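The block underneath contains the structure these notes are about, expressed in structure tokens.
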Amino acid sequence: MKLPTVQALVFNALAAVSIWASTADAQVPRLAVKLTSAALAKQKSDPNFVSNLVQKTLPAGFVAPRVVVGSLVDTKRSADLISRIGKNSFAPPNFQAPNFDAWYQVSVRSDAPRGVEEPRGIDATGKNGKTPPLSKDVLNMIHTLHKFDEVETVHVMQAGPPPAVNAADDPRSTSEGYLDAAPAGINARYAWGFAGGDGANVNIVDVEQGWNLNHEDLAAAGITLISGRNQAYFSHGTAVLGEMVMVDNTIGGIGIVPGAKARVISQHRSDGTYNTADAILDAAAHMSFGDIMLLEAQEYDPVGGMYYWPVEIADATYEAIRVATALGITVVQAGCNGGYDLDAYTNLAGKKIFDRSSADFRESGAVMVGGANQAAPHSRWYGSNFGSRMDVYAWAAGIDTAYTDDAAGTTSSYTTGFGGTSGASPIIVGAAAVIQGISSASNGFKLAPAEVRRILALNGTVSDNPAVDRIGVMPNLEHIIDGVFGAGNRTPDIYIRDYVGDNGATTSGGVSASPDIIVRQAAIADPAAALGAGSGTENNAALSDPVLAGREHSLYIRLLNRGTGAATPATTTVYWSEPATLVTPNLWHSIGTVTLPTVPQGNTLTVSPRLPWPAANVPPTGHYCFVALAGTSRDPVPLIPTTFPDYVKFIRENNNAAWRNFNVIAAPPNATASPPGFHALAVNIPGAFDAARPFTLRAVGNLPKGSKVRLRVPQQLAKGLGLKGCKGHKGGEEKGMVEVGVKPGGAVVLGKGVLEKGSLAKCQLLVKVPEDTYAGKVNAEVALVQEWEGQEVGRVTWRFGPVAKL
């Protein structure tokens, strides 16, 4: 690639002054800057605020020739996308939408003529050497701006080569061997024997910089450009498209999913800027649930200035990916070619954002792809990044696909040596498109991104040395089709509702109010008639009795099946836990397992036989949380997670796991209650089981007028979460407790802070409601919610009113 030349010195935010300038071989570098809420308000009232902020980085007396400030993305489009998230059932509960209004792009320019572009036809094979890091001056400016209180984060917007590899370095081993059966490839040839296995009814959008859409093996695919400039690295984009959708036409090769519909969108935007976040959001605006987006790009690290990092390292791009995945779009992201250990990376804020075991890990929802050598047993390709963030891998060398000459634009060329994580990622997109195509053809619906990511890794081909390679597994489509979709493409998809109205989408869980885990003090003579379809209790969440010590109880589980085949049989294992805002596996106690002979397809509510809970195993009288895990041989019980980030994935990605942390208070407190007239409802507020992590505690109330609510917590927890005691209610302080006022109506954040690993604060929610509330004429509820990284990870709810009569 031709490296950018700089006619004037890049101005140094710490000392020397310099200016970015355009030439025929250069593109003006830009910075993406995110303002804090306070700074955004200042920019709204004073359009020169950001420009003046940049001037503050310059030495005294110097004025930059021209500071250009503009919105980073089309804010109307981003607002429209976020409103779409709020209207569908596939977004995570309590999804915290990014505020793209706070993002600006900033450039400091000379008076050189504008409108000069990066030259067309840059060679993607890396023949001009590795991409150099950011200049010291640019890096210093990033660091200086980040230190300002007004700036939340900042990164460069600068084009570089996509994650390809020199074809001459990786000669062909077998022609299109990645299509072959495992362990060599992903076994796409097996998938073609199934309806939808060629990607029919699946839409793919490739996000990168350039393509030759007139290639002889692509022209008939009818690939169109959504937006942006088809400007650079044509050979790269052509090779990527070839892997996925080369036409079945007796010439050249064949793509993994020739039946899929492909489109492209360029990071080189129509206004001449290079803007990955804007390209992603524009792509998402033209896509629907179940579509697949491929990110064929790399990024600069804002900390050290080095290239070859996954694009979500840039905060604006990460936020754009979160919007796309929240809309139900499966995003596949190249893991990139720096040979870096992603777990070791620390960002500008000092956080280990790629390390799944870290409290700092952040989840974009994208599938991240590593690269391996083409020969089984597939050791990690030398240039591939690696770490716990990698979900899956594929061939990164010896890939046979379409090609073009970047300068001449030939339409009949092919290569036997495409690779890098650029070559691996289209293979994963192909596998994802097979999954969506078969699901659409056999089940009548497509799958949520989290479920696609989970399925891609099921029974996959491990790398040569997983502990060293750390690139995930390679999908095995034969195992996936046989194991997930079952013989004859008919497979069950059983689920337990997380709440009334849940339709089984795997991202809908987290509210811990399942109506399908039912605890009764006495056995029910005819469970199907009392609790099943046509009973009138299908959507009643108040069917459970309080637990009484010293007596046997009866549990009943209700399952639904939205798949295309019956679940025969289905089992459900049930656990209990003390009531808590976060019910992680270390707090579970097993009750037992119950078998349902069959759960028919068609979403028919099916009730389990009685599961006895022996008196000797019943805890003291009170209210408890219950967890149920269901499964069949073709829709297995999910594995219990061992790290907290995996636990968060677990509750989001598994529709056959549900929580009931929902308690019915049917009568006023007794005369000895303290304080008088108040229920003292026991509740634990835990930390994560694997590390100290930051949490938010929120209260959500819907109690009638005249109600009063206070939260009594240990002083240590009050200090950790920044909870302030309410005046006139400090009587518990001598016992090491603090009482916090809670609004009986609406949602309010009570506190935020870090909770220590394995901590468990024993608290009480004190609630007083008018006596007529217990008649059940109004829906009176109050809940405590625990959140991590903007996601709800647990809640406990109390409803005041009668238990349903059966």
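Here the sequence shown stands for residues -26 to -1, 1 to 780, numbered as in mature numbering (1 follows the signal peptide of the UniProt record, and there is no 0).
We treat Cβ as the ideally placed atom computed from N, Cα and C, and that holds for glycine.
As the structure is a prediction and not an experimental result, all values here were calculated from the model.
- In the structure shown, residue 180 adopts extended strand secondary structure according to DSSP, grouped into three states.
- A Cβ-Cβ contact shorter than 9 Å links residue 597 with residue 655.
- Per DSSP, residue 190 lies in no alpha helix (DSSP H) and is assigned neither H nor E.
- Rounded to the nearest angstrom, the gap between the Cα atoms of residue 732 and residue 619 is 15 Å.
- Only residues of its own chain outside the window of five on either side were considered, and among them 521, 522, 523, 524, 525, 526, 527 have a CB closer than 8 Å to the CB of residue 592, listed in chain order.
- Counting C-beta pairs with one atom in each stretch, the stretch 622 to 640 and the stretch 466 to 481 have three or more that are closer than 8 Å, which means they touch.
- With a threshold of 16 other beta carbon atoms within 10 Å, residue 273 meets it and is buried.
- Residue state for residue 431 is assigned as coil, using DSSP reduced to three classes.
- DSSP links residue 599 through a beta bridge to 551.
- Boundaries for residue 677: no beta strand (DSSP E) harbours it, and the DSSP string shows neither H nor E there.
- With a cut-off of 8 Å on Cβ pairs, the stretch 393 to 406 is in contact with the stretch 363 to 383, counting three or more such pairs.
- For residue 426, the secondary structure class from DSSP, reduced to helix, strand or coil, is helix.
- Given a length threshold of 3 residues, each whole run of the beta strand (DSSP E) inside the stretch 260 to 307 is given here in chain order: 266 to 269.
- A contact is defined here as three or more CB-CB pairs under 8 Å, and the stretch 164 to 184 meets this definition with respect to the stretch 251 to 271.
- A check of alpha carbon separations from residue 56 across 70, 587, 187 identifies 70 as the nearest.
- Around residue 742, the same chain offers 651, 652, 682 as residues with beta carbons nearer than 6 Å, after the five sequence neighbours per side are excluded.
- Taking a C-beta distance under 9 Å as the contact criterion, residue 282 and residue 137 qualify as a contact pair.
- Taking all protein chains in view, the Cβ of residue 690 is surrounded by fewer than 16 other Cβ atoms within 10 Å, so the residue is classified as exposed.
- Every unbroken stretch of the beta strand (DSSP E) spanning 3 or more residues and falling wholly within the stretch 489 to 538 is given here in chain order: 491 to 494, 527 to 535.
- Counting C-beta atoms within 10 angstroms of its own C-beta, residue 722 has fewer than 16 neighbours from the protein chains shown and is therefore classed as exposed.
- Here residue 557 is actually not in contact with residue 637; their C-beta atoms are around 13 Å apart, not less than 8 Å.
- Taking all protein chains in view, the Cβ of residue 473 is crowded by 16 or more other Cβ atoms within 10 Å, so the residue is classified as buried.
- Proximity to residue 12 across 6, 50, 75 peaks at 75, based on C-alpha coordinates.
- Taking each of 362, 491, 338, 278 in turn and checking the Cα distance to residue 315, the smallest one comes out for 362.
- Residue 495 and residue 343 have their C-alpha atoms spaced approximately 51 Å apart.
- Per DSSP, residue 624 is one residue of the alpha helix (DSSP H) stretching across 618 to 627.
- The stretch 22 to 33 makes contact with the stretch 116 to 126; the number of CB pairs closer than 8 Å reaches 3 or more.
- If you look at residue 116, you'll find it in the alpha helix (DSSP H) that goes 110 to 121.
- The three-state reading of DSSP puts residue 27 in helix, counting H, G and I together.
- Straight-line measurement puts the Cα of residue 353 at about 5 Å from the Cα of residue 438.
- Looking at the backbone, the Cα of residue 51 and that of residue 729 are separated by about 38 Å.
- Using a C-beta cut-off of 8 Å, the stretch 565 to 576 makes contact with the stretch 531 to 545, since at least three inter-stretch Cβ pairs fall below that distance.
- No Cβ-Cβ contact shorter than 9 Å links residue 453 with residue 169.
- The residues 187, 215, 236, 237, 238, in chain order, have a CB closer than 7 Å to that of residue 197 in the same chain once the five nearest residues on each side in sequence are set aside.
- In the three-state scheme derived from DSSP, where H, G and I count as helix and E and B as strand, residue 542 is classed as coil.
- For residue 442, the number of other beta carbons within 10 angstroms of its own is below 16, and it is reported as exposed.
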